[in-house]
Every structure is written in structure tokens, then in C-alpha cells.
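First up is the structure itself, then whatever we jot down about it.
There are 2 protein chains.
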Amino acid sequence: MLSIWAPSGITEVNAGDDLAALVLEACAREGTSLESGDIVIVTSKIVSKAEGRVRPQIEREAAFAEETVRVVAARDRGGSLTRIVENRLGIVGAAAGIDASNTAPGTVLLLSLDPDASARALAAALRAATGQQVGVILSDTLGRPWRDGQTDVAIGAAGIQVFDELAGQTDAAGRPLRVTRPCLADELAAAADLVKGKTRRLPVAIVRGAEAVVGGLDLPGARSIARAAEDDLFRLGTDEAYARGYADGYDEGTAEASGPDDEGDG
Amino acid sequence: MLSIWAPSGITEVNAGDDLAALVLEACAREGTSLESGDIVIVTSKIVSKAEGRVRPQIEREAAFAEETVRVVAARDRGGSLTRIVENRLGIVGAAAGIDASNTAPGTVLLLSLDPDASARALAAALRAATGQQVGVILSDTLGRPWRDGQTDVAIGAAGIQVFDELAGQTDAAGRPLRVTRPCLADELAAAADLVKGKTRRLPVAIVRGAEAVVGGLDLPGARSIARAAEDDLFRLGTDEAYARGYADGYDEGTAEASGPDDEGDG
Numbered sequence: 001m002l003s004i005w006a007p008s009g010i011t012e013v014n015a016g017d018d019l020a021a022l023v024l025e026a027c028a029r030e031g032t033s034l035e036s037g038d039i040v041i042v043t044s045k046i047v048s049k050a051e052g053r054v055r056p057q058i059e060r061e062a063a064f065a066e067e068t069v070r071v072v073a074a075r076d077r078g079g080s081l082t083r084i085v086e087n088r089l090g091i092v093g094a095a096a097g098i099d100a101s102n103t104a105p106g107t108v109l110l111l112s113l114d115p116d117a118s119a120r121a122l123a124a125a126l127r128a129a130t131g132q133q134v135g136v137i138l139s140d141t142l143g144r145p146w147r148d149g150q151t152d153v154a155i156g157a158a159g160i161q162v163f164d165e166l167a168g169q170t171d172a173a174g175r176p177l178r179v180t181r182p183c184l185a186d187e188l189a190a191a192a193d194l195v196k197g198k199t200r201r202l203p204v205a206i207v208r209g210a211e212a213v214v215g216g217l218d219l220p221g222a223r224s225i226a227r228a229a230e231d232d233l234f235r236l237g238t239d240e241a242y243a244r245g246y247a248d249g250y251d252e253g254t255a256e257a258s259g260p261d262d263e264g265d266g
Numbered sequence: 001m002l003s004i005w006a007p008s009g010i011t012e013v014n015a016g017d018d019l020a021a022l023v024l025e026a027c028a029r030e031g032t033s034l035e036s037g038d039i040v041i042v043t044s045k046i047v048s049k050a051e052g053r054v055r056p057q058i059e060r061e062a063a064f065a066e067e068t069v070r071v072v073a074a075r076d077r078g079g080s081l082t083r084i085v086e087n088r089l090g091i092v093g094a095a096a097g098i099d100a101s102n103t104a105p106g107t108v109l110l111l112s113l114d115p116d117a118s119a120r121a122l123a124a125a126l127r128a129a130t131g132q133q134v135g136v137i138l139s140d141t142l143g144r145p146w147r148d149g150q151t152d153v154a155i156g157a158a159g160i161q162v163f164d165e166l167a168g169q170t171d172a173a174g175r176p177l178r179v180t181r182p183c184l185a186d187e188l189a190a191a192a193d194l195v196k197g198k199t200r201r202l203p204v205a206i207v208r209g210a211e212a213v214v215g216g217l218d219l220p221g222a223r224s225i226a227r228a229a230e231d232d233l234f235r236l237g238t239d240e241a242y243a244r245g246y247a248d249g250y251d252e253g254t255a256e257a258s259g260p261d262d263e264g265d266g
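Protein chains in written order, with UniProt numbering: chain F, 1 to 266; chain U, 1 to 266.
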């Protein structure tokens with residue numbers, strides 16, 4: 001039996017705020033307390049606010065350039081530019097995770113410099129304050145190819161098994177050599193979004209009943225979820241890949257057709 | 001507060017089995033009963049078994065061809081062929097959802113012919129038997145670009161709000177014109193996988209506490225999650241798109257270079 005709830009009262013978060021204290025106070029106000037095996041899932045937005053990762057709206061393009069490693073795909077639809085990029089954390093998503101919703105007027109929020117480190121620090125503080133072995137996930141909202149809408153995923157994690165390693169199993173397609181690895185961290189982040197929502201000002205959720213997932217703070221973080229571009233069948237958008245191929249093919253075609261042995265062939 | 005649990009005792013499912021009866025018996029054995037607002041999340045595998053969507057292993061390639069609308073991307077790595085395809089349901093995933101894990105020896109399982117209809121039939125049966133307004137999701141396990149591991153998603157749904165419509169909100173990137181639409185059905189399927197798991201023979205999970213998501217059986221199903229290929233920035237794999245571009249560019253290049261006005265230019 002899994003229980004998931006979102007303690008209320010964590011509304012405004014400002015630079016320098018102690019997130020561990022905010023979470024523990026919210027639990028105390030509701031007469032609950034963290035137990036070993038609990039997983040605290042925190043919307044990355046309030047971590048960015050607590051860490052002061054804010055910029056003036058006017059510096060948004062500069063921040064976007066700083067956060068972006070490479071543009072994966074872009075499309076301009078009637079002035080509305082969508083840019084899917086890989087950010088410095090290896091996360092592929094829209095606008096490098098720069099957030100202008102529910103931020104102070106005229107400002108944008110950048111993702112934590114190191115979400116896994118932020119998660120570790122929060123988990124360590126919660127464990128020290130309570131003596132309970134709790135896990136922490138930082139969640140963000142991402143769109144995805146092929147399916148409409150968005151789901152929350154884990155961009156930071158500490159003290160939890162990010163993957164359910166099922167070595168030896170066959171995968172959903174029955175290929176015996178491939179290993180099925182459910183991404184528990186992403187499934188936990190998605191579950192937490194069901195109680196947090198986007199409009200209810202409930203930026204923290206607690207999952208109880210997944211003790212088997214919780215472990216030491218030295219477990220791999222959410223960085224381990226990001227797949228290297230060279231291993232990805234969709235490392236570049238369809239239009240971008242077609243354009244690169246067209247340019248290379250065109251060069252090759254003109255070179256061959258106008259090459260010295262052209263007459264000989266024709 | 002959300003509660004999620006997986007009733008035990010639903011082990012072997014065979015062609016013709018009454019899934020509604022199996023779910024209700026499992027609940028009864030544990031002294032629980034379905035309540036209005038509950039969402040029953042069923043692993044699509046047992047729906048396929050109940051519907052007799054089985055084929056001899058030897059017909060696997062033929063079944064794959066039947067289920068596949070188009071190949072999105074393919075890669076052969078040391079004899080292990082990965083094929084990402086769009087199936088007849090508009091779902092993009094590996095091997096068209098054909099499943100050879102935990103199936104009868106020498107057989108493979110195909111996805112339900114119409115997962116939304118299967119979900120509607122199960123929801124209608126559960127509502128008729130209990131008098132309670134319950135929702136139903138059929139879940140399957142899918143990999144995704146850019147992130148390792150898999151998560152469970154909804155391939156069928158009935159009696160639930162598939163999306164949380166947040167019109168007017170700005171999205172995670174702060175673009176005011178874009179609408180954030182959390183895919184509740186996928187987040188519920190992911191949450192359910194946390195209690196079902198892949199190895200524990202618990203193919204059914206019940207989510208309690210999401211009453212706001214449950215509604216009439218005429219609500220749109222999971223088919224509404226599939227994005228049309230022409231609207232997708234990743235409708236084709238990077239290598240496939242590059243190859244198409246290269247071929248088109250090569251043809252254009254040779255045509256121009258060896259065209260009649262070639263001498264005039266050079």
C-alpha cells in the first residue's frame with residue numbers, strides 16, 4: 001500500500017530559505033512526521049527559488065544560452081518558437097528548463113546548478129533532523145515525443161533507487177538480452193504530481209510505503225537517467241537531421257556530377 | 001491523500017476470463033470493495049490474455065507487420081535489432097507492443113484490438129456490478145527518448161479525465177500561449193507500476209483518492225494522447241531522417257551540376 005499526500009502551507013519560498021525546515025514545519029502543522037522509507041518529492045521550482053537561481057526576464061536569452069548544451073529541435077509556429085534543447089544536466093526538454101510561470105514579475109527561474117546535490121543536501125538535512133532514512137526527489141514537468149501533454153519526472157534524486165534493476169528479464173518486446181529497467185524515480189515524480197498539481201500551490205509531496213526504494217545517500221542520482229546523445233535514436237529532431245543529410249548529400253552529388261571523371265561516365 | 005495498492009491473487013488469466021469478476025473477487029478476498037472515485041489500473045498483458053490476443057511465436061514477424069503502421073527508427077546492435085514503430089493505435093514504442101515475456105511458451109501476445117473499448121467494457125462491468133463510479137486504465141510499459149529505463153503509460157482509459165486541462169496557464173517554459181496539460185492517465189499508470197511491479201505477479205492496482213479525475217464513460221480515451229506524426233518534431237529517427245535528406249540532396253545536387261545550364265554557370 002502506497003500513500004501519497006501533499007502537506008499544505010509551503011507557499012512562498014525565497015532565496016536562502018531552509019527547505020528542510022519548511023517541509024518539517026508543514027508536516028508538524030498537520031500532525032504528521034517523516035518516517036524511514038518516506039520519499040519527499042519537491043517541485044524543482046521551489047529549490048531554484050531557495051537557491052536564488054533567478055534572473056531578470058530581460059536576461060532570459062542569455063540564461064537560455066548558458067543552460068543549453070545543444071539545440072535538439074526547434075520549430076517556429078506563428079511566432080511561437082519551440083526549442084527542445086539538451087541542457088548542461090543532460091536533460092532534454094523545452095527552453096532548458098527556464099521557468100517564467102509563478103515567478104516574481106519580470107524574473108525567470110533557472111534549474112538548480114546541481115539538482116542531485118540539492119536533493120542530497122535536503123535528504124541529509126531531513127535525516128539529521130528526524131533520524132529517519134528518507135529519500136528525496138526533485139521533480140520537473142517535461143513534455144515528450146509522440147504523446148500529448150506532460151508528466152513530472154525526476155531531475156534530482158538522493159537516497160533512492162532511481163531504477164528497478166530487473167536483469168535477466170525479457171523486455172516488453174520479449175527480447176531476452178535486453179534488460180527492463182523501470183525508472184522508479186520518474187514514476188515517483190509522476191505519482192507525486194497527482195497530489196501536488198500545478199495550480200494548487202502544493203510544491204511538496206510525501207510518498208509512504210516504498211521503503212524498498214530508499215537507501216544510502218551514495219546511490220546514483222537522477223543524472224544517471226540522462227542517456228548520452230550518441231546512444232539515442234532521437235538525438236536530433238527530424239527536420240534538423242533531414243536538413244543536415246540534405247546538405248551533405250547535395251555537396252556529394254554536385255562534387256561527383258562535376259568531378260573530372262564526369263565526361264567519362266556520361 | 002492518494003492510496004494505491006495491488007490486490008493479490010490475480011495470477012493466471014486465460015482467454016475468455018471475466019476480468020471484472022477477477023478484480024472484484026480479489027478485492028473481496030482482501031475484505032475491500034471498490035468505491036466511487038476509485039481508478040482500477042490493469043496491466044494490458046492480462047487484457048490481451050483475456051481477449052485471446054495470442055499468436056504462435058513463429059508468427060511473430062507477421063504479427064509485427066500487422067500491428068505496425070510505420071517504422072519510426074531502427075538500429076541493429078550486434079544482432080539485437082531495436083525497432084521503434086508507430087502501431088495501429090498511434091502508440092510509438094518498441095516492437096509494436098508485441099509481448100513475449102510471461103506468456104505461454106512458444107507464444108507472443110498482441111495488444112488489445114481497441115484498448116479504450118476494453119477499458120470501457122471493464123469500467124461498465126465494474127460499475128454495473130458495484131453501483132460505484134470507477135475509472136479504468138490499461139497500462140503498458142514504454143521506453144522513451146533521451147531518458148534511460150521505462151515507465152508505465154496509459155494505452156487505454158475509460159471514465160477518467162486523461163488530461164488535466166490548465167488552459168490559460170503558462171507552461172514550464174513560461175510561454176504564455178502554450179497550455180500545460182499534465183497527462184493524468186500516464187501519471188496514474190506510472191504510479192500504479194510502483195505497487196504492481198514487473199516481477200510480483202500483481203497485474204492490477206487500485207488508486208483511491210483521485211475522485212476529481214473520475215467521470216462519465218463518454219470521456220475521451222487514451223487514444224487522445226497519441227500525437228499525429230505530422231505534429232511531432234521527432235516523427236522519424238535521426239539516422240532515418242538524415243538518410244532521406246541525404247538521398248534527396250544527392251539527387252538535387254547531381255541534377256543541378258549536370259543540368260543543361262551547367263556550362264553556362266561554370
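Glycine residues also receive a C-beta, built at the ideal position from the N, C-alpha and C atoms.
Determine the DSSP secondary structure at residue i, reduced to helix, strand or coil.
i: GLN57 of chain U; result: helix
i: ASP171 of chain F; result: Only weak support is given to the placement of ASP171 of chain F: the predicted model assigns it a pLDDT of 46, under 50, and the value that follows is read from those uncertain coordinates. Looking at ASP171 of chain F - three-state DSSP - the assignment turns out to be coil, as it is neither helix nor strand.
i: THR199 of chain F; result: coil
i: ALA205 of chain F; result: strand
i: VAL134 of chain U; result: coil
i: THR254 of chain F; result: helix
i: residue 271 of chain U; result: The structure shown does not extend to residue 271 of chain U, since chain U spans only 1 to 266, so no value can be given for it.
i: residue 268 of chain F; result: Beyond the ends of chain F as shown, which are 1 and 266, falls residue 268 of chain F; an answer cannot be given.
i: SER8 of chain F; result: coil
i: ALA226 of chain U; result: strand
i: ARG75 of chain F; result: strand
i: GLY259 of chain U; result: coil
i: ARG244 of chain F; result: helix
i: GLY104 of chain F; result: Reading the sequence as shown, one finds Ala at residue 104 of chain F and not Gly. Reduced to three states, the DSSP call for ALA104 of chain F is coil.
i: GLY249 of chain U; result: helix
Got a sec? Which residues, its chain only, sit under 8 Å from residue i by beta carbon, not counting five neighbours each side?
i: SER118 of chain F; result: VAL47, GLU51, SER112, LEU138 and GLY156
i: ALA190 of chain U; result: THR151, ASP152 and VAL153
i: VAL195 of chain U; result: ILE4, TRP5, ALA6, LEU202 and ALA205
i: ARG144 of chain U; result: GLN150 and THR151
i: MET1 of chain U; result: GLY209
i: ARG181 of chain F; result: PHE163, ASP164, GLU165 and LEU166
i: LYS198 of chain F; result: THR141
CB-CB under 7 Å to residue i, same chain, minus the five flanking residues each way: which ones, in chain order?
i: ALA63 of chain F; result: ARG55, ILE98, VAL108 and LEU110
i: ARG127 of chain F; result: GLN133 and VAL134
i: ALA124 of chain F; result: LEU217
i: GLU86 of chain F; result: VAL69, ARG70, VAL72, VAL92 and ALA229
i: GLU256 of chain U; result: none
i: GLY106 of chain U; result: PRO56 and GLN57
i: GLY9 of chain U; result: ALA26 and ARG29
Per DSSP, which one or two residues make a beta bridge with residue i?
i: ASP99 of chain F; result: F:LEU109
i: residue 267 of chain F; result: The structure shown does not extend to residue 267 of chain F, since chain F is modelled only from 1 through 266, so no value can be given for it.
i: PHE163 of chain F; result: F:CYS183
i: ARG29 of chain F; result: DSSP lists no partner for ARG29 of chain F.
i: SER3 of chain F; result: F:ARG208 and U:SER3
i: GLY93 of chain F; result: F:VAL85
i: residue 292 of chain F; result: Since the first residue of chain F shown is 1 and the last is 266, residue 292 of chain F is not available in this structure.
i: VAL42 of chain F; result: F:LEU138 and F:VAL204
i: ALA63 of chain U; result: Looking at the DSSP assignment, ALA63 of chain U forms no beta bridge with any residue, so it has no partner.
i: VAL214 of chain F; result: F:ILE160
With a CB to CB cut of under 6 Å and the five nearest residues on each side skipped, what residues in its chain are close to residue i?
i: ARG223 of chain U; result: ASP116
i: LEU34 of chain U; result: THR130, GLN132 and VAL134
i: THR141 of chain F; result: GLN150 and ASP152
i: ARG235 of chain U; result: ALA229
i: THR103 of chain U; result: LEU109
i: ASP17 of chain F; result: ALA50
i: ALA211 of chain F; result: For the sequence presented, residue 211 of chain F should be read as Glu rather than Ala. These residues qualify, in order along the chain: GLY37.
Just checking residue i against the ligand SAH - is the residue's beta carbon closer than 6 Å to any of the ligand's heavy atoms?
i: ALA154 of chain U; result: Among the components of this structure there are no ligands whatsoever, and the ligand SAH is therefore not found.
Inset, instruction - Can you give me, in chain order, the residues of the stretch 182 to 196 of chain F that have a beta carbon less than 8 Å from any beta carbon in chain U? - result: PRO182, CYS183, LEU184, ASP186, GLU187, LEU188, ALA190, ALA191, ASP193, LEU194 and VAL195
Inset, instruction - Closer than 7 Å, Cβ to Cβ, to anything on chain U: give me those residues from the stretch 57 to 84 of chain F, in chain order. - result: ALA73, ARG75, SER80 and ILE84
Inset, instruction - Using a Cβ-Cβ cut-off of less than 7 Å, list which residues of the stretch 42 to 57 of chain F approach chain U; keep chain order. - result: none
Legend entry - Cβ-based contacts, 7 Å cut-off: residues of the stretch 89 to 109 of chain U near chain F: VAL92, ALA94, ALA95, ILE98, ASP99, ALA100, SER101 and VAL108
Inset, instruction - Compile a chain-ordered list of the residues in the stretch 205 to 221 of chain F whose CB is closer than 7 Å to at least one CB of chain U. - result: ALA210
Inset, instruction - Name, going along the chain, the residues of the stretch 137 to 153 of chain F whose beta-carbon falls closer than 9 Å to a beta-carbon of chain U. - result: ASP140, THR141, LEU142, GLY143, ARG144, PRO145, TRP146, ARG147, ASP148, GLY149, GLN150, THR151, ASP152 and VAL153
Inset, instruction - Compile a chain-ordered list of the residues in the stretch 239 to 258 of chain U whose CB is closer than 9 Å to at least one CB of chain F. - result: ASP239, GLU240, ALA241, TYR242, ALA243, ARG244, GLY245, TYR246, ALA247, ASP248, GLY249, TYR250, ASP251, GLU252, GLY253, THR254, ALA255, GLU256, ALA257 and SER258
Inset, instruction - Could you name the residues of the stretch 155 to 166 of chain F whose beta carbon sits closer than 9 Å to any beta carbon of chain U, in the order they occur along the chain? - result: VAL162, PHE163, ASP164 and LEU166
Inset, instruction - Give, in chain order, every residue of the stretch 108 to 127 of chain F whose Cβ lies closer than 7 Å to some Cβ of chain U. - result: VAL108
Legend entry - Near-chain U residues of the stretch 2 to 29 of chain F (beta-carbon distance less than 8 Å), N- to C-terminal order: LEU2, SER3, ILE4 and TRP5
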